[in-house]
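Chains as they are written, first to last, in my numbering: chain A, 182 to 600; chain B, 182 to 600.
There are 2 protein chains.
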Amino acid sequence: MSNDAMKKITTKAREAARKLGILSTEKKDKILRAMADGIDSAREEIKKANEEDIAKAEKGGKNPAFIDRLRLGDKSVDGMCSMMKEVAELKDPVGDVLDRNERPNGLVVEKVRVPIGVIGIIYESRPNVTADCVALCLKSGNAVILRGGSDAIASNKAIYRAMRKAASKEGLSEGAFILIEDTSRELVDAMLKASDGIDLIMPRGGESLIQQVAEKSRIPVIKHYKGICHVYVDADADMKMAEEICFNAKAQRPGVCNAMETMLVHERIAGEFLPRMAEKFIKAGVVLKGCSRTREILTGRDIKKVKDEDFTTEYLDLILNIRVVGSLDEAIDHISRFGSDHSDAIVTGNTGNAGEFTRRVDSAAVYVNASTRFTDGGEFGKGAEIGISTDRLHARGPMGLEELTTYKYVVNGSGQVRT
Amino acid sequence: MSNDAMKKITTKAREAARKLGILSTEKKDKILRAMADGIDSAREEIKKANEEDIAKAEKGGKNPAFIDRLRLGDKSVDGMCSMMKEVAELKDPVGDVLDRNERPNGLVVEKVRVPIGVIGIIYESRPNVTADCVALCLKSGNAVILRGGSDAIASNKAIYRAMRKAASKEGLSEGAFILIEDTSRELVDAMLKASDGIDLIMPRGGESLIQQVAEKSRIPVIKHYKGICHVYVDADADMKMAEEICFNAKAQRPGVCNAMETMLVHERIAGEFLPRMAEKFIKAGVVLKGCSRTREILTGRDIKKVKDEDFTTEYLDLILNIRVVGSLDEAIDHISRFGSDHSDAIVTGNTGNAGEFTRRVDSAAVYVNASTRFTDGGEFGKGAEIGISTDRLHARGPMGLEELTTYKYVVNGSGQVRT
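Set out below in structure tokens:
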């Protein structure tokens with residue numbers, strides 16, 4: 182039953198994807214702007230639907246953080262509208278010639294950017310994901326199938342209706358973006374098996390959702406998994422710079438994946454650096470967990486003993502592990518062993534050590550003398566992002582419009598045959 | 182049991198991959214040349230082991246084509262040696278800066294090519310795959326775990342020993358390339374579950390192997406699946422050119438994935454083109470299957486009636502489907518419906534139609550006025566290939582050294598923090 186329903190959905194999406202792949206940039210941008218206006222006009226309807234979801238969540242005893250993620254106020258609606266308009270302003274990646282190679286036999290081999298095709302998004306309770314994903318997939322020429330969580334279904338439907346109405350007026354076929362209203366588990370399972378109809382699955386949400394999707398999917402998955410990010414303060418670091426970077430990486434916004442969870446400090450400067458740094462952290466309410474040498478240096482302060490499992494925990498909170506290391510090697514080994522290959526930084530004035538660190542630390546983003554907090558589509562100049570890949574294939578780090586494309590080879594000849 | 186064995190293997194490979202990723206080009210090339218010499222020196226041992234495999238295959242009643250794929254003569258051994266040396270000559274892609282973006286805050290964001298990590302190859306009875314994959318993975322900085330079929334195990338072990346001996350003398354750690362000698366199904370299953378230890382699985386072999394791997398794998402897979410390739414002869418085609426391209430695409434080497442399986446001919450020229458073309462094909466022993474209009478035009482010749490299932494069959498043989506179409510649209514629709522997105526060509530003198538065809542046909546390689554037979558790493562200027570991807574993510578079409586890499590962002594700052 183779910184498989185049949187899914188087949189109908191993917192057939193529609195596949196047909197739409199063929200047309201979307203060759204739709205002009207002008208037309209796509211016009212649709213994006215129309216959808217922005219559509220969401221704006223449907224503001225009251227969207228907010229009312231959202232209140233329904235919130236009432237249900239409160240009745241169900243969901244925690245305040247959950248309800249906060251679910252809530253759509255005027256500011257969130259404004260945000261969706263301006264996001265749509267911003268995406269309309271971004272450069273269209275489709276059709277870019279990535280490489281051109283004239284062969285000795287006269288064949289001209291061009292590598293040309295094309296959309297991936299049909300993208301499936303499985304997400305939880307943030308309703309603005311609905312608008313984000315439609316905008317980015319449309320601009321990059323992909324059809325998208327959205328399966329949001331049951332907690333946000335009324336909000337998602339209201340946002341979808343507003344976008345759909347505007348898009349239909351512009352002649353965009355229904356398959357270009359589809360919201361699945363059936364929030365059953367069976368339908369997700371059917372979706373993850375639809376390898377003929379969907380080219381890529383992107384789960385967005387908590388660890389357990391992502392693990393389930395990765396476990397079950399027969400379709401390629403790009404995951405946005407956890408960020409265990411490190412800052413290593415080298416012996417040759419500028420102390421003031423190190424202090425600012427570490428503080429920013431931990432405390433500026435602790436609830437995000439690119440925030441620091443563990444600070445590594447070279448033993449040669451630990452005695453000078455740690456007391457100043459600890460004071461700053463403690464003042465800001467950061468709970469510190471340290472190795473034995475850290476706790477020695479910070480005697481008298483309330484520093485908990487850090488355990489191995491702390492080093493693999495994504496706190497997303499004002500908690501920080503501190504470890505004193507004897508060398509750059511030891512820092513790199515710690516990151517290889519406990520890190521999640523997301524974002525890691527070195528603070529150093531030594532260019533040799535900086536080079537060694539960036540070569541050997543194999544994370545999606547490796548920083549020299551900057552905060553890990555910059556791992557973000559906007560900060561990297563991509564304009565917008567659909568997620569941050571912690572996988573190694575196809576896309577690593579922030580995924581913008583370009584990362585939602587693949588390529589094909591277009592080969593122009595004048596009668597060449599192979600001998 | 183198999184899972185434990187696999188864990189040991191992947192741990193060794195992962196450690197080796199870390200070192201390989203930063204090994205200098207000079208060192209990698211030196212190892213490649215040493216391995217070429219090693220295979221050359223072990224020639225008699227390799228041929229003797231191969232004879233064992235062949236005797237077993239003959240006793241087991243394997244067909245001549247199978248035994249042909251399995252056989253290693255002096256020419257095949259020479260081929261492996263020269264391949265290794267050629268790979269040593271290829272440009273090392275690791276470390277290439279793909280993109281550089283200086284941000285308004287002064288951060289310099291570079292996108293740098295890095296190896297994928299640990300690659301698993303599951304293959305059948307061609308023993309030269311053992312040498313090919315080791316060479317290409319080593320040059321691109323990846324560790325590789327090889328699991329060949331039981332039919333070629335003696336040959337694979339002999340080739341492996343020769344390479345291993347030479348590589349060890351050069352100090353390359355054992356984990357850099359590992360041949361799994363356990364050819365049980367349980368071990369393959371364990372391999373496909375080892376998502377922490379292996380980053381990419383590439384199956385090489387027949388349809389059923391590929392399907393099984395894709396079905397079971399918890400690790401990203403890039404498949405080299407079937408090629409249902411088309412040549413469309415447009416109304417504005419140069420007849421002589423069309424004849425040569427179609428003949429080459431079908432008959433030059435029919436047993437390969439980029440050979441044509443279906444020829445589409447515009448109705449306006451079918452009456453003139455088909456009789457000449459058919460004569461040439463029939464003379465070369467090609468069995469023709471045609472639509473009703475084809476059979477009308479070719480009345481008197483022995484043309485079988487083509488069925489829908491023929492259009493999705495990869496013959497890999499001197500058999501060809503022919504269909505007369507009323508328009509470019511109809512040709513494109515046929516390719517979308519029946520094709521495998523591998524390689525498709527248009528022969529036309531009309532640049533508008535050529536553009537329409539290359540935009541709308543979404544295959545890994547789309548040709549204008551050239552044979553589909555050019556879809557090949559060497560022909561595209563990649564120097565060597567590990568396979569031809571029929572998937573859409575990460576790599577499409579011929580996969581050379583670059584396609585065996587991914588990237589990371591290296592961000593250089595001067596103390597930047599996020600506000």
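Glycine included, each C-beta is placed from N, C-alpha and C at the ideal position.
Legend entry - Counterpart residues of residue 443/A in DSSP-defined beta bridges: As a first step, residue 443/A is located in the first sequence; it is residue number 262 there, counting from the start. Its beta-bridge partners are 411/A and 502/A.
Legend entry - Cβ contact (3+ pairs, closer than 8 Å) linking the stretch 395-402 of chain A and the stretch 460-476 of chain A: no
Inset, instruction - Taking 9 Å as the cut-off, decide whether the C-beta atoms of residue 519/A and residue 409/A are in contact. - result: Numbered from 1 along the first sequence, position 338 holds the residue referred to as residue 519/A. Numbered from 1 along the first sequence, position 228 holds the residue referred to as residue 409/A. For residue 519/A and residue 409/A, yes; Cβs fall inside 9 Å.
Inset, instruction - For residue 242/B, count neighbouring Cβ atoms within 10 angstroms of its own Cβ and tell me buried if that reaches 16, exposed if not. - result: Sequence index remark: in the second sequence, residue 242/B carries index 61 (1-based). Residue 242/B should be labelled exposed.
Legend entry - Segment contact, 8 Å Cβ cut-off, at least three pairs: the stretch 577-591 of chain B with the stretch 290-303 of chain B: yes
Legend entry - Touching by the beta-carbon criterion (3+ pairs, under 8 Å), the stretch 414-432 of chain B and the stretch 476-488 of chain B: no
Inset, instruction - Could you list which residues in chain B have their beta carbon closer than 7 Å to that of residue 480/A, in chain order? - result: Position 299 of the first sequence, counted from the first residue, corresponds to residue 480/A. Listed along chain B, no residue sits closer than 7 Å to residue 480/A by beta-carbon distance, the nearest being about 29 Å off.
Inset, instruction - Identify which residue in 189/B, 382/B and 373/B has its Cα closest to the Cα of residue 301/B. - result: Numbered from 1 along the second sequence, position 120 holds the residue referred to as residue 301/B. If we check each option's Cα against that of residue 301/B, 382/B comes out closest.
Legend entry - Per-residue DSSP class, three states only, for residue 433/A: As a working mapping, residue 433/A is identified with position 252 in the first sequence. Coil.
Inset, instruction - Decide yes or no for the touch test of the stretch 301-318 of chain A against the stretch 190-202 of chain B: beta carbon pairs closer than 8 Å, at least 3 of them. - result: no
Legend entry - Inter-residue Cα distance where the pair is residue 414/B and residue 433/B: Your numbering for residue 414/B matches position 233 in the second sequence. Your numbering for residue 433/B matches position 252 in the second sequence. If you take the alpha carbons of residue 414/B and residue 433/B, they lie about 18 Å apart.
Legend entry - Where residue 356/B sits in the DSSP three-state scheme: For the purposes of this step, residue 356/B is identified with residue 175 of the second sequence, where counting begins at 1. In the structure shown, residue 356/B sits in a helix (DSSP, three-state: H, G or I).
Inset, instruction - Just mark residue 504/A as buried or exposed, buried being the case when its beta carbon has 16 or more other beta carbons within 10 Å. - result: One-based indexing of the first sequence puts residue 504/A at position 323. Buried.
Legend entry - contact_flag[the stretch 575-586 of chain B, the stretch 273-284 of chain B] where n(CB pairs < 8 Å) is 3 or more: Verdict: yes, contact present.
Inset, instruction - Tell me residue 291/A's beta-bridge partners as DSSP assigns them. - result: Taking the first residue of the first sequence as 1, we reach residue 291/A at position 110. Answer is 281/A and 591/A, bridged to residue 291/A.
Legend entry - Under the three-state DSSP convention, the category residue 466/A falls into: Sequence index remark: in the first sequence, residue 466/A carries index 285 (1-based). Coil, per DSSP.
Inset, instruction - State the DSSP-derived secondary structure class of residue 598/A, mapped to helix, strand or coil. - result: Mapped onto the first sequence, residue 598/A falls at position 417. It is coil, neither helix nor strand.
Inset, instruction - Rounded to whole angstroms, what's the CA-CA distance from residue 189/B to residue 212/B? Just pull it up for me. - result: Numbered from its first residue, the second sequence carries residue 189/B at position 8. Numbered from its first residue, the second sequence carries residue 212/B at position 31. Distance between the alpha carbons of residue 189/B and residue 212/B: 25 Å.
Legend entry - residue 550/A (DSSP reduced to helix, strand or coil): Residue mapping note: residue 550/A aligns to position 369 of the first sequence, counting from 1. In the structure shown, residue 550/A sits in a strand (DSSP, three-state: E or B).
Inset, instruction - Report back the beta-carbon spacing between residue 356/B and residue 324/B to the nearest angstrom; my notes put them in contact at under 8 Å. - result: The sequence position of residue 356/B within the second sequence is 175, counting from 1. The sequence position of residue 324/B within the second sequence is 143, counting from 1. About 6 Å; that satisfies the 8 Å criterion.
Inset, instruction - Go ahead and label residue 534/B buried or exposed: buried means 16 or more other beta carbons lie within 10 angstroms of its beta carbon, across all protein chains shown. - result: The residue given as residue 534/B occupies position 353 in the second sequence. By the neighbour-count rule (16 or more Cβ atoms within 10 Å), residue 534/B is buried.
Inset, instruction - With DSSP collapsed to three states, give me the class of residue 497/A. - result: Here residue 497/A corresponds to residue number 316 of the first sequence, with the count starting at 1. Note: residue 497/A maps to coil in three-state DSSP.
Legend entry - Three-way DSSP call (helix, strand, coil) for residue 586/A in this model: As a working mapping, residue 586/A is identified with position 405 in the first sequence. Strand, per DSSP.
Legend entry - Cβ neighbour criterion (16 or more within 10 Å) applied to residue 378/B: Walking along the second sequence from the start, residue 378/B turns up at place 197. Result: buried.
Legend entry - Close beta carbons around residue 331/A, own chain, < 7 Å, minus the five adjacent residues each side: As a working mapping, residue 331/A is identified with position 150 in the first sequence. Taken in chain order, the residues that qualify are 364.
Inset, instruction - Go through its chain and collect everything with a Cβ distance to residue 577/A's Cβ below 7 Å, but skip five positions before and after it. - result: Counted from its first residue, the first sequence places residue 577/A at position 396. The beta carbon of residue 577/A lies closer than 7 Å to those of 545 and 570 in the same chain, with the five residues before and after it left out.
Inset, instruction - Given a cut-off of 9 Å, decide if residue 339/B and residue 229/B are closer than it, judged by their beta-carbon atoms. - result: Locating residue 229/B in the second sequence gives position 48, counting from the first residue. Locating residue 339/B in the second sequence gives position 158, counting from the first residue. Their beta carbons are under 9 Å apart, which means residue 229/B touches residue 339/B by this criterion.
Legend entry - Neighbourhood of residue 567/A by C-beta distance below 6 Å, restricted to the same chain and skipping five residues each side: Start at 1 with the first residue of the first sequence, and residue 567/A comes out as number 386. Excluding positions up to five away in sequence, the list reads 317 and 580.
Inset, instruction - Report yes if the CB atom of residue 526/A is closer than 9 Å to the CB atom of residue 548/A, and no otherwise. - result: Within the first sequence, numbered from 1, the residue matching residue 526/A stands at position 345. Within the first sequence, numbered from 1, the residue matching residue 548/A stands at position 367. In this structure, residue 548/A lies closer than 9 Å to residue 526/A by Cβ.
Inset, instruction - Examine chain B for any beta-carbon lying closer than 9 Å to the beta-carbon of residue 589/A, and answer yes or no. - result: Residue 589/A sits at position 408 when you count from the first residue of the first sequence. Closer than 9 Å: yes.
Legend entry - C-alpha gap between residue 452/A and residue 246/A, whole angstroms: The residue given as residue 452/A occupies position 271 in the first sequence. The residue given as residue 246/A occupies position 65 in the first sequence. Taking the straight line joining both Cα atoms gives about 38 Å.
Inset, instruction - Pick out the complete alpha helix (DSSP H) segments inside the stretch 190-225 of chain A, 4 residues or longer, and give them in chain order. - result: 206-222
Legend entry - Short CB-CB distance (under 9 Å) between residue 575/B and chain A: Counting from 1 along the second sequence, the entry for residue 575/B is found at position 394. Yes, its Cβ sits closer than 9 Å to a Cβ of chain A.
Inset, instruction - Take residue 524/B as the anchor and find which of 515/B, 440/B and 540/B has the nearest alpha-carbon. - result: As a working mapping, residue 524/B is identified with position 343 in the second sequence. Checking every option, the nearest Cα to that of residue 524/B belongs to 440/B.
Legend entry - Coil, strand or helix - residue 540/B by DSSP: Working through the second sequence from its first residue, we reach residue 540/B at position 359. Helix, per DSSP.
Inset, instruction - Give the range of the alpha helix (DSSP H) segment to which residue 137/A is assigned. - result: No answer is possible for residue 137/A: it lies beyond the span of chain A, which begins at 182 and ends at 600.
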